[in-house]
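Structure first, then comments.
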Amino acid sequence: MRLLVTGGAGFIGSNFVHRSLAQHDCTITVLDIMGYAANPQSLAGLADNYPSRFDLVVGDICDKPLVDKLVAEHDVVVHFAAESHNDQSLRDPLRFATTNVLGTIGVCEAAVRHSKRLHHISTDEVFGDLAFDDPHKFTPDTCYRPSSPYSASKASADHFVRAYIRSFGLAATISNCSNNYGPRQHPEKFIPRQITALLSGQQPRLYGSGQHVRDWIHVDDHNDAVWKIIESGQLGETYLIGADGEHTNAQVIAYLLEIVGADPHDYVHVTDRAGHDRRYAIDASSTLALGWEPQHRDFRAGLAETVAWYRENPQWWANSRQQAEAFYQQSETITGNGGDATGS
Ligand code: NAD
Ligand code: DAU
């Protein structure tokens with residue numbers, strides 16, 4: 001199988017590339033703009049280790065002739081490329097509309113023109129947020145109610161993929177996954193930001209009250225689910241991916257402080273995110289029904305492995321942490337010191 005992986009130098013995409021080359025009979029071409037969120041070190045060595053199976057094309061998913069040519073040369077497109085960070089989307093919404101909406105439309109057009117299979121990677125954020133005590137989780141039938149420019153652009157992209165399926169016969173599946181953690185995630189995101197702070201002798205930073213809930217899944221479990229959908233999913237269908245991993249942000253910080261052996265109160269509260277979604281929770285029945293199951297059941301153990309990866313790879317994150325902190329410094333202020341980091 002010849003795979004075109006857009007956004008393959010980012011967090012989830014690069015983990016997908018490594019795992020796919022090691023475990024599946026496929027060749028992979030990565031199409032990535034190599035912007036601030038990409039890390040060349042995430043793909044280092046692959047061209048040597050898999051000489052005729054891996055290639056990197058540096059380019060923009062909005063470059064229609066390039067996308068058309070690449071799609072024509074492959075069997076399946078796995079579309080990860082996106083602007084992915086909510087905080088960035090609050091500063092520059094248009095950049096998110098351009099890449100996430102127009103870029104996805106271009107990928108759909110090329111896939112239709114060349115009759116190629118597309119798997120579109122989306123997010124649970126398209127559904128908006130849940131109340132803390134809502135007994136329901138997101139399902140494929142939940143209404144779209146995005147809150148941020150990022151989630152609005154991903155929701156719009158999903159709608160376009162469905163429109164291309166219905167109107168032009170696009171052979172596509174969609175997956176909406178919850179929050180991923182694991183190696184090679186940019187230090188602008190919550191978990192690596194706190195890990196790299198701790199490894200740099202600095203304090204973790206909790207937005208607002210810290211009672212917001214995210215539903216964590218290990219990146220390898222996400223990517224295994226994507227393969228299961230590519231191999232066994234029904235064309236036209238949407239699959240929700242999650243691993244029953246709900247934790248408040250305060251709990252996650254408490255786990256990290258414990259893992260590194262720090263004082264449980266040694267963190268700070270900072271300015272909250274505008275429009276901050278309260279809680280996400282995924283009902284993954286649609287993907288479980290295909291025979292996929294998450295393997296990383298122990299979140300704290302997965303976090304400890306992730307901390308170990310960042311400890312062993314400081315050269316991977318040093319520059320991007322500096323850039324991320326410069327971005328946050330423009331708007332973030334400390335609003336309080338750490339109290340009881342268990343979040344209780
Ligand atoms: P990321 O920001 O780490 O990676 C995105 C990659 O896309 C980067 O390498 C970037 O350079 C590339 N890219 C951006 N604009 C591009 C363009 N115009 N042309 C080509 N490449 C471009 O993001 P991620 O966390 O790996 O997320 C990947 C996908 O998964 C996104 O579609 C995101 O919406 C989705 N997703 C992420 C999560 C999560 O928890 N991180 C959860 C569910 C879904
Ligand atoms: O749910 C899937 C989504 O998860 C993906 O679609 C997005 O691409 C991905 O970035 C992620 O979005 P979140 O906004 O949930 O992730 P983020 O890592 O930015 O923040 C996670 C939570 O942690 C959120 O409640 C905000 C909070 N936070 C974040 C940062 C960076 C903090 O408390 N402190 C921080 O320093």
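Heads up: the sequence shown at position 85 corresponds to 85 in full-length UniProt numbering, and the numbers run straight through without jumps. The C-beta atom is built at its ideal place from N, Cα and C for all residues, glycine as well.
Relative to the non-hydrogen atoms of the ligand NAD, the Cβ of H186 comes within a distance shorter than 6 angstroms of at least one. Here A9 carries a coil assignment [DSSP, helix/strand/coil].
Collapsing the DSSP output to three states places N249 in a helix. Contact check for T335 and V270: beta-carbon distance about 6 angstroms, within the 8 angstroms limit, so the pair qualifies. When distances are taken from the beta-carbon of F80 to the heavy atoms of the ligand NAD, the shortest one is below 6 angstroms. Pairwise C-beta distances place the stretch 143-154 out of contact with the stretch 190-207, as fewer than three of them are shorter than 8 angstroms.
Shortest gap from the CB of S151 to any heavy atom of the ligand NAD: 6 angstroms or more. Annotated as distal: V76 and L56, with beta-carbon spacing of 7 angstroms or more. Its chain contains H85 and A324 as the residues whose beta carbon lies nearer than 6 angstroms to that of E188, once the 5 sequence neighbours on both sides are disregarded; these appear in chain order. With contact defined as three or more Cβ pairs closer than 8 angstroms, the stretch 93-100 and the stretch 40-59 are not in contact.
The beta carbon of Y310 is closer than 7 angstroms to those of P192, I195, T196, L199 and W317 in its chain, skipping five residues each way along the sequence. From the listed residues R273, E73, L102 and H265, the smallest Cα separation to Y207 is found for R273. Assigned with DSSP and collapsed to three states, D68 falls in helix.
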